[in-house]
Amino acid sequence: MKKFFKKINFRELGILYALIILWVLLFATNRTFRDADIYISILREGSILGICGIGMTFCIASRHFDQSIASMMALLACVYTALLTKLAPSAGGAGIFISFLCVMALSVVLGAFNGFLVAKLRIPAFIATLGTLYVYRALAYIVSGGDPVIINQIVSKEQYGFFRTIGMGSFLGLPVSFWIMLICAVTGTVILRKTKLGRHTLAIGNSVSASRISGINIDRTKIYIFTLVGAFVGVGTILNAAFLGSSNPGMSAGYEFVVISTVVLGGTALSGGKGSIFTSIAASIFLVTVTAGMNAFGMDSFAQRVVQGVILLFAFSINGIRAAMENRRVKSEATKHAKATKASASDNG
Amino acid sequence: MIAIEAKNIYKSFPGIKALDDVSIAVEKGEVHAIVGENGAGKSTLMKIFGGLYDMDSGSILINGTPCEIKSISGALSHGISVIYQELNLMPSLTIAENIFVSDLPGSLGQVNYRKLNQQTRELMERLSLNAKPTDLVSTLSVSQRQMVEIMKAVSHNSEIIIMDEPTAALNNQEVDTLYNIIHKLKAEGKTILYISHRLREIFDISDRVTVLRDGRYVGTRLTSELDENALVSMMVGRDISQLYKYQPTQPGETVLEVQNLEKEGVFSDVSFSLREGEIVGVAGLMGCGREEIVKSIYGLTRRDGGRVILQGVEKDIKSPSVAIKEGIGFVTEDRKDSGIFALMTIRENISVNILRALSRWGLIRTDMEDELLVSYTSSMNMKYADEMQRIMFLSGGNQQKFILARALASGCKVLIMLEPTRGIDVGAKAEIYSLLSGLAAKGMAILVISSELPEIMSVCYRSLVVFQGQITGNILRDEMDENLIMRCATGNETYFSKGAQI
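Going down the list, the protein sequences come from chains A and B.
Counting in this note's numbering, the first sequence runs from 32 upward without gaps.
Counting in this note's numbering, the second sequence runs from 706 upward without gaps.
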């Protein structure tokens, strides 16, 4: 146990402290936050956001970027409901399972395609995923014909109960999506900390040239990283569809920015080289809490956007702020040292 | 009259105290040399003068008035120009454009090319560079580019010109031209700060000399009052030959053999071999192609032709991962950019080459990683706080040992080491040398690429010399001599020791 705590770097858990303080403040000031329900629904939404952030943590830790995930979610959701429309009535439970597998497979393919563009065609990730952002979104409109699909209307009543359980149900008092998020987070953490792929991800984020000297296959690692992004977005999509009970091709617009912000807010630097899945998820729950808090206080939706934007900008400026603080600390220590040296010199003299 | 004065300068980087209470005063119109070993803090001090680095504390006075130098343009406006070690030219622009890039003549946003080229021509005549103002920098040789850098500094009409290792890429003739330029500038009343680790140049050109050691100020003397021995003892403080004694080894079987390596425009017809227990140096000037040769052996860069034979079998080494598998270890010359994984722990840094061997069912076994760490850190005397410490917080010497340990961990038989002691202090230097000779004694074949001749002469059994991509020397230890190596490195001589295997 002691060893376990030794491994945790408490200085890098800032977002967790912020979350606890925020919860305490809201508990003290708003009645809505004295009811357990609000926390359950925060966890439910935060879990979906958190799952999408797991793959993104790898991506940003390796000094890359994936802007296409919101479009990917929309495309996957539209494919999912299209498959359900075809398979659920005819093949029943097996049809739902096959739809699920197809969506997971497709999410891996979409992610790997991003990786291929970045690694093999040498397109900067920023541009490559901007391209697929458009392509995936357009495909979502093509697949859906532009129409939303309500899951309740395409599956039987018993089948819909199953979606309700995944999307809105609870297990041991906590949302099902929270438990699924936990499984995903543990898997992600094990990959990041305990496998070759995870180490190579961090190595590339630190220095591509040093990685090359160390014999790391950089192209392959990049493809794997983007594939991971896709896979976790796939899981997130399935939970999100069940949670919303619907799909539509315009859904989740702007979600990529929220996901990237949670990862950065969680302490994974945009400059790469380090990352933590646990804090990314804490940041997801934090962001969802902020929204819930603003709703509870009846803030109007445009003002909410301003607050969200400011938080995101703050997240992105953390590195700059940290560097400035670090700089000041080093300087003040150096000055102290200089003074001490002078003082001791004059003592001797 | 004092042109520029620095008082009590402190500057630290993570893990290193680069400057520790350094003060220096430079008289107007003098050539003031600043010397010290690698890592002494010379370049850091110059970068502070040049506005590239912020100092942590201290003050700078120019002509007696305190001033803050916040940026490169700030330095220029205070009349300071710096010629840096690394070349900072834009290769696809012309010489003229490069020189006057921050001050192009013309009006309304339009460049007056006639005037620009005329200005450049005048400057080139003044400094006698043999080229046209409209030549693209990419077509120039390394030494010509260096001259363009110098012209760039002179073009600002700065009162203080700082030259950071200006001769690193120059041959003897070009060095003479540089001396002429310096004399001219001095006659015009300019102040020159001259950094070099070539002692002969210091005595040739400077009026006074300031010595730095391990980030501290040692002293300032009139050059005429010093001789070479006195200067060296100021520089090293401790004599490295007392810290490290060469251990002769008897080379065994040939391990690595390369034949007719070739890369168009970079190197050609490179053949040599390396035996068990042999430490072979590779000397040469900047830009001579020796880094490219060894990088192509390791699979880091492509080459056009030639064979690499390991223990009698020809190998096609396409990438570093193949090289590691075939038993070649590689330690980079640029520790910060391509050596360490700065934000990762020391444990992760040491194991990164051999993660597959440390994994079971796809998961890295931390216990085996720890064993690896402990075995190397104890045998190589590395200092660290705990296994979760980030490597960026270690000193340069300790970082270097970790990178060496990383290469050794994959069980190599051939070790290629570029600039093994660049930027580390004298004590750690001696330790690296002892480690290398210990490895050689156990049968490792080692190739040491170094820009410091004393380094090659103190650790190597024999040394190759490269000039313009070709081997111009193969010199056994007994015959090694700084002048001989320099003559081979500048293409003035070829020398192959009798009876030496190449």
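Note that beta-carbon positions come from the ideal geometry of N, C-alpha and C, so glycine has one too.
How is the alpha helix (DSSP H) around residue i delimited, first residue to last?
i, result
"A/F15", "The structure shown does not extend to residue 15 of chain A, since chain A is modelled only from 32 through 380, so no value can be given for it."
"B/R921", "Counting along the chain, B/R921 falls outside any alpha helix (DSSP H), though it belongs to the beta strand (DSSP E) covering 921-927."
"B/R1008", "Where B/R1008 is concerned, there is no enclosing alpha helix (DSSP H), given that its DSSP letter is neither H nor E."
"A/T232", "227-237"
"B/S1084", "1071-1084"
"B/P956", "No alpha helix (DSSP H) contains B/P956, which DSSP labels as neither H nor E."
"B/Y818", "818-831"
"B/L898", "Here B/L898 belongs to no alpha helix (DSSP H); instead the beta strand (DSSP E) covers 896-900."
"B/L883", "877-892"
Quick one: which chain A residues come within Cβ less than 7 Å of residue i?
i, result
"B/F1214", "Lying outside 706 to 1207, the shown extent of chain B, residue 1214 of chain B is not represented and no answer is given."
"B/N1058", "S245, G246"
"B/I1121", "None at all; the shortest Cβ gap to chain A is about 10 Å."
"B/I1029", "G246"
Residues of chain B with CB under 7 Å from residue i, in chain order?
i, result
"A/N61", "The premise fails here: A/N61 is roughly 40 Å from chain B at the closest Cβ pair, so nothing lies under 7 Å."
"A/K225", "L1068, I1069"
On a Cα-Cα basis, can you pick out the residue from the options that is closest to residue i?
i, options, result
"A/G176", "A/P280, A/N271, A/S245", "A/P280"
"A/A216", "A/H231, A/V260, A/S238", "A/V260"
"A/A169", "A/M104, A/S348, A/F274", "A/M104"
"B/T872", "B/I910, B/M1093, B/G1101", "B/I910"
"A/G309", "A/M212, A/G162, A/E76, A/A150", "A small correction: the amino acid at residue 309 of chain A is Phe; Gly does not occupy that position in the sequence shown. That would be A/M212, whose Cα lies nearest to the Cα of A/F309."
"B/M661", "B/I1121, B/G763, B/E1157, B/N803", "Shown here, chain B extends from 706 to 1207; a query on residue 661 of chain B therefore has no answer."
"A/I269", "A/I85, A/I69, A/L118, A/I127", "A/I127"
"B/K733", "B/G784, B/R995, B/S717", "B/G784"
"B/V1164", "B/I900, B/I1096, B/L1181, B/L875", "B/L1181"
"B/L828", "B/E1160, B/V963, B/H861", "B/H861"
"A/G246", "B/K1106, B/I800, B/S1024, B/G1101", "B/S1024"
"B/I800", "B/N817, B/L781, B/L821", "B/L821"
"B/L927", "B/S1056, B/T915, B/V937, B/G920", "B/T915"
"A/E76", "A/G124, A/L275, A/Q184", "A/L275"
"B/E864", "B/F908, B/A780, B/L1189", "B/A780"
"B/P771", "B/P796, B/E830, B/I709", "B/I709"
"B/V740", "B/L1123, B/L917, B/A1194, B/S717", "B/L917"
"B/D808", "B/S797, B/N793, B/Q824", "B/Q824"
"B/G982", "B/K968, B/V1057, B/E958, B/G1101", "B/E958"
"B/E802", "B/S833, B/V842, B/S1001, B/S786", "B/V842"
"B/S1211", "B/E1074, B/S1080, B/L1078, B/N877", "In the structure displayed, chain B extends from 706 to 1207; residue 1211 of chain B sits before or after that span and is not available."
"A/V207", "A/T60, A/D66, A/I79, A/M356", "A/I79"
"B/S1080", "B/N934, B/S978, B/V1153, B/L1113", "B/L1113"
Using a C-beta to C-beta distance shorter than 9 Å, which residues of chain A count as neighbours of residue i?
i, result
"B/D1042", "S238, S240, A241"
"B/R1061", "K227"
"B/I866", "Residues of chain A passing the Cβ test: none, with the nearest at roughly 29 Å."
What residues from chain A crowd round residue i, counting only those whose CB sits closer than 8 Å?
i, result
"B/S1026", "G246, I247, N248"
"B/A1047", "N237, S238, G304"
"B/S1064", "T226, K227"
"B/L1005", "R243, I244"
Given that residue i touches chain B, what residues does it touch there, using C-beta distances under 8 Å?
i, result
"A/L233", "F1046, L1048, M1049, E1053"
"A/R168", "Result: empty, since nearest Cβ-Cβ is about 35 Å, beyond 8 Å."
Terminal residues of the continuous beta strand (DSSP E) containing residue i?
i, result
"A/L74", "Premise fails: A/L74 lies in the alpha helix (DSSP H), 67-92, not in any beta strand (DSSP E)."
"B/V985", "984-989"
"B/R913", "913-918"
"B/S1168", "1167-1172"
"B/K752", "It is not in any beta strand (DSSP E) - B/K752 instead sits in the alpha helix (DSSP H) that spans 747-754."
"B/P771", "770-772"
Answer yes or no: the CB of residue i versus the heavy atoms of the ligand ADP, is any distance below 8 Å?
i, result
"B/S938", "What this structure holds is no ligand at all, so the ligand ADP is not there to describe."
I want to verify the contact list: residues of chain B whose CB lies under 9 Å from the CB of residue i, in sequence order.
i, result
"A/R29", "With chain A running from 32 to 380 in the structure shown, residue 29 of chain A is simply not present."
"A/R153", "Correct list: empty, because the minimum Cβ distance to chain B is about 16 Å."
Run through chain C and tell me which residues come within less than 8 Å of residue i, C-beta to C-beta.
i, result
"A/R94", "This model lacks chain C altogether; the protein chains it does include are A and B."
Exercise for the section: Could you run through the segment 186-207 of chain A and flag, in chain order, every residue whose CB is less than 7 Å away from some CB of chain B? Expected result: none
Exercise for the section: Could you tell me whether the segment 748-755 of chain B touches the segment 898-905 of chain B, using the rule of 3 or more Cβ pairs below 8 Å? Expected result: yes
Problem - Segment contact, 8 Å Cβ cut-off, at least three pairs: the segment 223-233 of chain A with the segment 1044-1054 of chain B - result: Verdict: yes, contact present.
Handout entry: Touch test, the segment 965-973 of chain B against the segment 1129-1146 of chain B, Cβ-Cβ under 8 Å, three pairs minimum
Key = no
Exercise for the section: Could you say if the segment 1006-1020 of chain B and the segment 1097-1112 of chain B meet the contact criterion of at least three C-beta pairs nearer than 8 Å? Expected result: no
Practice task
Could you tell me whether the segment 993-1001 of chain B touches the segment 1168-1177 of chain B, where touching means 3 or more Cβ pairs closer than 8 Å?
Solution key: Taking 8 Å as the limit for Cβ pairs, the verdict is that the segment 1168-1177 of chain B does touch the segment 993-1001 of chain B.
Exercise for the section: Determine contact between the segment 93-112 of chain A and the segment 138-157 of chain A, defined as no fewer than three beta-carbon pairs at a distance below 8 Å. Expected result: yes
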